[in-house]
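When we follow our numbering, the leftmost residue of the sequence shown carries the number 17, and every step to the right adds one. Think of the CB as a built atom: it goes at the ideal place given N, C-alpha and C, for glycine as much as any other residue.
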Amino acid sequence: MVTHVPSEARGDERGALLLFVEAQRGGVRRALIGLTEEQAASRPSAGELSLSGLLKHVAECELNWLRMAQRIPNEKQRSEANWHESFLLVGDETVEGMLAFWAEVAAQTEEFIRAVPSLDDTFPLPDAPWFPKDGQVSMRWLMLHLVEEFARHAGHADIIRESIDGKTAFELVALANG
C-alpha cells in the first residue's frame with residue numbers, strides 16, 4: 017500500500033470502513049495529478065481505459081451503490097443505450113468537474129453510512145445475471161465492495177498513469193503531499 021490508512025477510534029467499524037474507502041479513492045484521484053484533459057483521456061495501454069474514464073466510472077459506480085442502499089432512484093442510471101458513456105467524459109464534462117461530482121457523492125456516502133442504524137442492515141440487489149436471485153447485501157458488504165472496486169481501479173490507474181509519463185504511485189503520493 018502506498019499510503020497509510022490511519023487507525024479508527026477503537027471499535028469504530030464505520031470509521032475504519034470509510035477510511036479504507038477514502039484511501040482507495042485517493043489512489044484514483046492521485047493518478048490524475050498534473051495531467052491535461054487530453055492526457056487524462058488518452059489510452060496508452062492495449063485496453064480502452066483512460067484515467068478520466070476510470071474517474072467517471074468510479075464516481076458513477078459509487079453513486080449507483082449508494083442509491084441502491086438508500087433505496088432511491090439513481091439520477092445517473094445507465095442503460096444499454098448509454099453504457100459506453102460511463103467510461104468516457106462527454107459534452108462539457110471535465111476531470112475537475114468529475115472530481116467535484118465524486119467528492120459530493122463521497123460526502124453523501126459518508127453521511128449515509130454514519131446515519132444508518134446498523135451496518136448489518138440490508139438492501140436488495142438488482143435483478144441482474146451476476147447477482148443471486150432475490151439477493152440482499154449489508155451496509156458492511158457495500159463498504160467492503162467499494163474498497164474492492166476502487167482498489168481494482170486504482171491499480172488500473174497506476175498502470176495507465178505510469179504509461180503516460182512514467183510517474184509511479186509513490187511519486188504521485190509525494191506530489192499530493194507537497
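Per-residue DSSP class, three states only, for residue i
{"i": "Ser58", "result": "coil"}
{"i": "Phe139", "result": "strand"}
{"i": "Gln40", "result": "helix"}
{"i": "Ser154", "result": "strand"}
{"i": "His100", "result": "helix"}
{"i": "Ala144", "result": "coil"}
{"i": "Gln86", "result": "helix"}
{"i": "Glu187", "result": "helix"}
{"i": "Ala47", "result": "coil"}
{"i": "Thr52", "result": "coil"}
For residue j and residue i, believed in contact at Cβ under 8 Å, the rounded distance
{"i": "Met155", "j": "Val132", "result": "5 Å"}
{"i": "Ser102", "j": "Glu76", "result": "6 Å"}
{"i": "Gln93", "j": "Ile180", "result": "That belief does not hold up - the Cβ atoms of Gln93 and Ile180 are roughly 31 Å apart, past 8 Å."}
{"i": "Leu115", "j": "Val37", "result": "Contact flag wrong, Cβ pair sits at about 16 Å."}
Exposed unless 16 or more other CB atoms sit within 10 angstroms - verdict on residue i
{"i": "Ser134", "result": "exposed"}
{"i": "Trp118", "result": "buried"}
{"i": "Ile176", "result": "buried"}
{"i": "Gln40", "result": "buried"}
{"i": "Glu78", "result": "buried"}
Contact set for residue i: own chain, Cβ-Cβ below 7 Å, skip 5 residues either direction
{"i": "His49", "result": "A quick correction: the sequence has Ile, not His, at residue 49. The residues are Leu188, Leu191 and Ala192."}
{"i": "Ala57", "result": "Ser66, Ser68 and Leu105"}
{"i": "Val44", "result": "Leu70, Leu71, Val74, Phe166, His169, Ala170 and Ala173"}
{"i": "Thr184", "result": "Glu178"}
Contacting residues, own chain, Cβ-Cβ under 8 Å from residue i (five flanking each side not counted)
{"i": "Phe128", "result": "Leu82, Ala85 and Gln86"}
{"i": "Gln152", "result": "Thr138, Phe139, Pro140 and Leu141"}
{"i": "Ala25", "result": "Gly31"}
{"i": "Ser61", "result": "Ile175, Ile176 and Ser179"}
Own chain, CB closer than 6 Å to residue i, minus 5 neighbours either side, in chain order
{"i": "Asp136", "result": "Ser154"}
{"i": "Arg46", "result": "Leu188 and Ala192"}
Any C-beta of chain C under 8 Å from that of residue i
{"i": "Thr52", "result": "Note that chain C does not occur in the displayed structure, where there is just one protein chain."}
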